[in-house]
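Shown next, in structure tokens, is the structure this report addresses.
Protein chains: 2
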Amino acid sequence: MGATLHVFAHVLMAFALAFVVPMGWAWVHDDVTHEVQWAQAAGLTLASGLALWLATRRHKRELGTRDGFVLVNLVWSVLPAYAALPLGWMVPGITWHHAYFEAMSALTATGATALSGLDALPVSVNVWRCFLQYVGGLGVMLLVVAVLPMLGLGGMQLYKAETPGPMKDHKLTPRIAETARGLWGVYFVFSLACLLAYRWAGMSWADAFMHMCTTMGLAGFSSHDASLGYFQSPAVEWVAIVFMGLAGISFLRYFMVVRSLTLRPLWADREIRTYVVVLLAATGWVALMLAAQRVVDDVPTALRLAAFHVLSLATTTGYATTDYLQWPPFIPVLLLFLGTFVSCAGSTGGGIKMVRMVLLIKQARRELVRIVHPHVVNPVTLGGQAVPPTVMNGVLGFMLIYGAATVGLAFLLLLSGMDVVTAFSAVVATVNNIGPGLGEVGPAGNYGGLTPFQLWVLSAAMLLGRLELLSVLVLFTRAFWRR
Amino acid sequence: MGATLHVFAHVLMAFALAFVVPMGWAWVHDDVTHEVQWAQAAGLTLASGLALWLATRRHKRELGTRDGFVLVNLVWSVLPAYAALPLGWMVPGITWHHAYFEAMSALTATGATALSGLDALPVSVNVWRCFLQYVGGLGVMLLVVAVLPMLGLGGMQLYKAETPGPMKDHKLTPRIAETARGLWGVYFVFSLACLLAYRWAGMSWADAFMHMCTTMGLAGFSSHDASLGYFQSPAVEWVAIVFMGLAGISFLRYFMVVRSLTLRPLWADREIRTYVVVLLAATGWVALMLAAQRVVDDVPTALRLAAFHVLSLATTTGYATTDYLQWPPFIPVLLLFLGTFVSCAGSTGGGIKMVRMVLLIKQARRELVRIVHPHVVNPVTLGGQAVPPTVMNGVLGFMLIYGAATVGLAFLLLLSGMDVVTAFSAVVATVNNIGPGLGEVGPAGNYGGLTPFQLWVLSAAMLLGRLELLSVLVLFTRAFWRR
Ligand SMILES: [K+]
Ligand SMILES: [K+]
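Protein sequences appear in the order of chains A and B. First residue of the first sequence? That's 1468 in our numbering, and the numbers climb one at a time after it. First residue of the second sequence? That's 1468 in our numbering, and the numbers climb one at a time after it.
Right, dumping it as structure tokens:
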């Protein structure tokens, strides 16, 4: 435990640096009161990290698998507390429950907001909310590409056989830094392109920066209550569509494209092909419904609205430009459903991940054939290679726990008096790190009206979803703590 | 195909006999108009069967697995059409869509009714609806205990190793008759007891007969719009509670009790023990909520209401004595959820079945432990024996298809303009052969207001659920039709 805490102390101290960004913004705006508060938050975080570092400095050893699980749980449950501090100080009328929920929603790149009146908040607060999502996104990328696969978990480990270096390594710390450098390099290039595109589309630099942060992290916060609807700009929406679509694919693939100088890593991947087909098909269908049922008058608008909301929800970003709950009820449910599985493993998207869904469909088809031919062996394949039974069992186990967690958490919300649609959709929207749900927590509403109990349940849901469930739940098994 | 149709011709001719029961009732009531119509329905069914028998009399061979699948699909999709005829003739204002839905609901022991004004219908019509459920129940019992296991499907095949005779046999027809005799013998004894108990509790003979039919089949139709609420009688409710609870267990167990003259076959079974515990725990919890939230004033009433509705929904019977949608929203959702898995394999209940749920929970727990100990082999066990991986894969495949079917059917209903709660709950209520759902199709409403498209979707859902999904869907695979 000491060694784990020692590594965590490093993370905490590094995290203290993040407060520099909103502090800088406050400084630019000559907002001295808030500048001081940002410095206090940074100082407090740094001091905590330093104290922990000193207390644990004798514990230096290589971390093992169990330590890894403890570490990621610590990171995603304790950092939100520090991140929540300035929100609690600066947002008028906020409770600590709301602040922690908001910070958890940011760092898990969920984008479910418990705040309203965003446009009236100090700019540095909105910068913090959005930049936190960028930091969260960077963390998530490291988590899903480097950490979880080493722990034998996550959608990416299904690709274990074909990915390079770090994923085959069983020590935890050594080559994470290397992965981070490669991946983050590509990510920063895309981020810069996204920033410039938003600025070109007409956003202010501040808005362009904030929305770049929340687009690239598939995260979904905005500095406006009306989300991207505030800009009333097709150009802005098309920029979002393009970059959400790009960010729904693992940046490891782009990294491989850069290294191999061919596009093969993209189009050779069954997961990415399915991802593209599903997005196009869903966009076409929604556009057709919007046009046919005369929700909008012209086809180009129908296509843009459909593409924007399909991309936004399916990649688990969670932007909206209109209250799509007013559309035929099929559409919002479809959008939420897409969010549960469309984004690719290794992206910062949430949910089941497309690669798991591909495997599950193949497995279901296989079981149907096995009824007719009980003795034929036809293993499920991915990229031409047979998927080992233990891996397939892992995917099925994930689905079981995913289903049980969704139902269990929804029951907790129902017990607290929430209505059926809000309860189930809120859980789906948070466990899959999507953001907006249906009912009260739809795109035109928010999570601000929830009770503290409900906020904590959904904070747990975001954490569970982000750590792909098993990494959290394993801590609650006896086997984990028995040496 | 010829041989299958030949067997089906036998089934059709036997089914013609069923019309004798409502015909007799019409005769007793001197209701000559309807008496003639019942005779016509019987004649038409018998004639169809005879014609088919003659046309296929040269095709006599032992049926194989594929023929078995075709046969059960024929039985449960064609018999409802014949059963629907007299409903179409006799119920004022009914459409054929509604009549087929009602007959499907009866023969699959679902109990979702598309009719209202039941109390005003001719007695023989209500006798038919309820007796159809009894016939359906007898068929379902044969299906799940004898037919599906031979086809390598269904919850009961998980017990393959320990059950006698027919289940190990791979020919389809030979020993079904023997199973039927043994099982149905026990079933008739319970039915008689149930009939007398309802009569003792104050029902008329007609009502006692009809409710015996729909209790023992876990089916849920009533001769009154108010269901069992009509009687306003705690005695009636307790009789229902006892016999629903008994019928939720496989009658094969009672058969084994009779043969071995010990209770061991009951209490030695993990599935039955879990069934009892879940029912008691759910009853306790619901009673507590009803009392604590002052929905009812006294504890005995709370306990009776809780026990009645928990048993009714969990066993997939579907009776109600009150509009429980008026209770805290947690309760109706819990009741519907219990219906998806609580009844035991081999009973006439619907859904996932308790034995599958027990295995799924064990499998999920196993996958969690495997994260910490990747190399430890700890197979899932049932009754002390390891469950083979192929069987476990079958259960997981069932769950995948169950989930996909639920979502897919709900989407069809949403597309047709239905609201979210009604759509999802209607699918859950029909796929699991429960009966009442939430929203429009709740215990105080019914399925009469649905469009023809919606009724056909839900008829398909009932068929799918009753044949445990795979037996229907296998017909849609290429492998099935390729010789
Ligand atoms: K999001
Ligand atoms: K039923």
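The C-beta atom is built at its ideal place from N, Cα and C for all residues, glycine as well. Note that the structure is a prediction, hence the values are computed from the model and not measured.
The Cβ of B:Gly1870 sits closer than 9 Å to at least one Cβ of chain A. Annotation: the continuous alpha helix (DSSP H) that includes A:Gly1469 extends over 1469-1483.
Residues of the region 1789-1810 of chain A whose Cβ lies closer than 8 Å to any Cβ of chain B, in chain order: Pro1795, Pro1796, Phe1797, Val1800, Leu1801, Phe1804. Between the alpha carbons of A:Ala1928 and B:Leu1719 lies a distance of about 43 Å.
With a 10 Å radius around the Cβ and a threshold of 16 neighbouring Cβ atoms, B:Trp1948 comes out exposed. Here DSSP, grouped into helix, strand and coil, assigns A:Ala1686 to coil.
The three-state reading of DSSP puts A:Ala1853 in strand, counting E and B together.
The region 1483-1495 of chain A and the region 1503-1514 of chain A touch, with no fewer than 3 CB-CB distances between them shorter than 8 Å. A:Trp1794 counts as buried, since no fewer than 16 other beta carbons sit within 10 angstroms of its beta carbon.
In the three-state reduction of the DSSP assignment, B:Thr1848 falls in the strand class. Counted as a single uninterrupted DSSP element, the stretch harbouring A:Glu1935 is not any alpha helix (DSSP H), since DSSP gives it neither H nor E.
Relative to the Cα of B:Arg1726, the nearest Cα in the group B:Val1653, B:Leu1876, B:Thr1750 belongs to B:Val1653.
Against chain A, the CB of B:Ile1901 has no partner CB under 9 Å away; the residue lies outside that interface. At a cut-off of 9 Å between C-beta atoms, A:Val1895 does not count as an interface residue with respect to chain B. Apart from the 5 residues on each side of it in sequence, B:Ala1664 sits with its Cβ closer than 8 Å to the Cβ of Val1706, Val1709, Phe1710 in its chain, given in chain order. Within the chosen limit of 8 Å, ligand 1 does not reach the beta carbon of B:Ala1579 with any heavy atom. Relative to B:Trp1543, the option among B:Phe1482, B:Ala1812, B:Leu1618 whose CA is nearest is B:Phe1482. Counting every other CB atom within 10 Å of its CB across the protein chains shown gives B:Pro1856 a total below 16, marking it as exposed. B:Met1723 is classed as buried because its beta carbon has at least 16 other beta carbons within 10 Å across all chains shown.
Only Leu1937, Leu1940, Val1941, Thr1944, Ala1946, Phe1947 from the region 1924-1949 of chain B bring a Cβ to less than 7 Å from some Cβ of chain A. The beta carbon of B:His1840 sits closer than 9 Å to some beta carbon of chain A.
An exposed status is given to B:Gly1510, since fewer than 16 other beta-carbon atoms sit within 10 Å of its beta-carbon. Counting C-beta atoms within 10 angstroms of its own C-beta, B:Arg1837 has 16 or more neighbours from the protein chains shown and is therefore classed as buried. B:Ala1911 has its alpha-carbon roughly 48 Å from the corresponding atom of A:Ile1716.
Between A:Ser1700 and A:Gly1669 the beta-carbon gap is near 6 Å, inside 8 Å, which marks them as a contact.
Nearest neighbour of B:Leu1905 by Cα position, chosen from B:Pro1799, B:Glu1834, B:Phe1865, turns out to be B:Pro1799. Interface with chain B (9 Å Cβ-Cβ cutoff): A:Gln1699 is excluded. Residues of chain B with a Cβ closer than 7 Å to the Cβ of A:Asn1860 are, in chain order, Glu1834. Chain-order list of chain A residues neighbouring B:Asp1498: empty, with the shortest C-beta distance near 44 Å, by a criterion of under 9 Å.
Within 8 Å of the C-beta of A:Ile1901 there is at least one heavy atom belonging to ligand 1. Inter-residue distance for B:Leu1882 and B:Leu1876 is about 10 Å (C-alpha atoms, whole angstroms).
By the Cβ criterion, the region 1933-1942 of chain B is in contact with the region 1535-1542 of chain B, since at least three pairs of Cβ atoms, one from each stretch, lie closer than 8 Å. For the pair A:Val1614 and A:Asn1899, the Cα-to-Cα distance works out to about 19 Å. Cβ contact annotation for A:Thr1523 (same chain, cutoff 7 Å, sequence separation greater than five): Gly1469, Leu1472, His1473, Ala1476, in chain order.
By the Cβ rule, the region 1863-1872 of chain B does not count as touching the region 1877-1896 of chain A, because fewer than three pairs are nearer than 8 Å.
With contacts defined by Cβ atoms closer than 9 Å, A:Val1825 and A:Ala1579 do not form a contacting pair.
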